[in-house]
Amino acid sequence: MEKITAERAIRAVWNAEGGPRSSLGLPRTPELSVRKNGTDWEADFRSGKITVKHHGQCHVLTNKVMKVNFVGLECVSRQEGEDEVYGVVGLIGPSNSALKTHSFPGGDGTLSMGERGSRIWTTDQLLYEGPIQDVVVVGTLIEHDDFADVDGVARNLADQIAQKGGQLLGALTGLPAESVTEETWFRDTLAFAFGFVMGDVFGMGDDPYPGQSLRIPWDQVGDFGPPRQPARTRPDDPKQIPRWTHRLTLSARDDAGDFGHYDLFFDVWVDTVSITRECPVPQG
């Protein structure tokens, strides 16, 4: 009975903090698991812990913050003598309904890729900061010609990815958010959203690379972040991508049959923090 009471108290505190949308994130186990520590009861969450003390107060500790940055791209194989490209990356976090899109390089600019010394481009764009959770990164690339409005296409594409991602997140109500990214319907809907976006935005001369997505499971992120990969370097470009953990590959053939291959790089890591507060157990 004492354990059941403690579990109810911890669940009430967690829900009051925001549940999956709180800084603690989801429980570390599929079902909330509590344990006794002396006279206190505790439960572990992906980014912290809740403790119910014997005098009825609760102690909430947030000690982990997950971050995801878009850090650059590599032109592995160019379609033309010199590619002029721009693109959009995004992130969907089902557990706390995180959603962000980012167009690059921004404005009316494009990236001139392919010539010697222009095969790597670096950036440092934060896509996510919050509790440890499954995330899905998405990305697409567009080969530019002289007829398209670069900024307009990029904004339209980013807006539609956000809209479709928001609809996808809205469909998660009442579902186990911690496992939804493993579900076939999630991947299929994401692929459909990309297809819809591509078909709706283009038709103005620019050639899109088919959008791709990559799931990053929370349990592979760990308490300190996944292992970083060796710096990405090339003999024909002095630049490098020094910090990255995950890579998204885009490839396509244009109308002339020319093949292009680009890699987008992301850095995922976990910061250790210490944010604590005392609170009463919610009544009722």
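Numbered per this note's numbering, the sequence shown spans residues 183 to 466. We treat Cβ as the ideally placed atom computed from N, Cα and C, and that holds for glycine.
* **Rounded straight-line distance, which links the Cα of H284 to that of Y310** => 11 Å
* Environment of L308 [buried if 16+ CB atoms lie within 10 Å] -> exposed
* For Q342, does the three-state DSSP call read helix, strand or coil? -> helix
* Asked: Given that a residue counts as buried once 16 or more other Cβ atoms are within 10 Å of its Cβ, and exposed if not, what is W196?
  -> buried
* Do you know offhand how far R414's Cα is from T431's? -> 14 Å
* Asked: Among the residues of its own chain, which have a CB less than 7 Å from the CB of A198, if the five just before and after it don't count?
  -> P464
* List the whole-angstrom C-beta distance separating V452 from D405, where the pair is believed to meet the contact cut-off of C-beta under 8 Å. => 6 Å
* May I ask you to report which of helix, strand or coil DSSP gives L273? => strand
* To do: Excluding the 5 residues preceding and the 5 following N219 in the sequence, name in chain order all residues of the same chain whose CB lies nearer than 8 Å to its CB.
  => T233
* **Given T427 as reference, the closest of Q345, S229, P399, D290 once Cα atoms are compared** => P399
* Which value, in whole angstroms, describes the spacing of the CA atoms of R397 and V216? -> 29 Å
* DSSP beta-bridge partners of Y310 -> V250
* Would you say K231 faces chain C, with C-beta separation under 8 Å as the test? -> Of the chains in the structure shown, none is chain C; there is only one protein chain.
* **Pairwise C-alpha distance: F252 and L351** => 22 Å
* Out of E189, Y268, P462, H241, point me to the one whose CA is closest to Y391's CA. => Y268
* Of the residues Q315, V403, L273, C257, the one placed nearest Q422, counting alpha carbons only -> C257
* **T292 in three-state terms, based on DSSP** => coil
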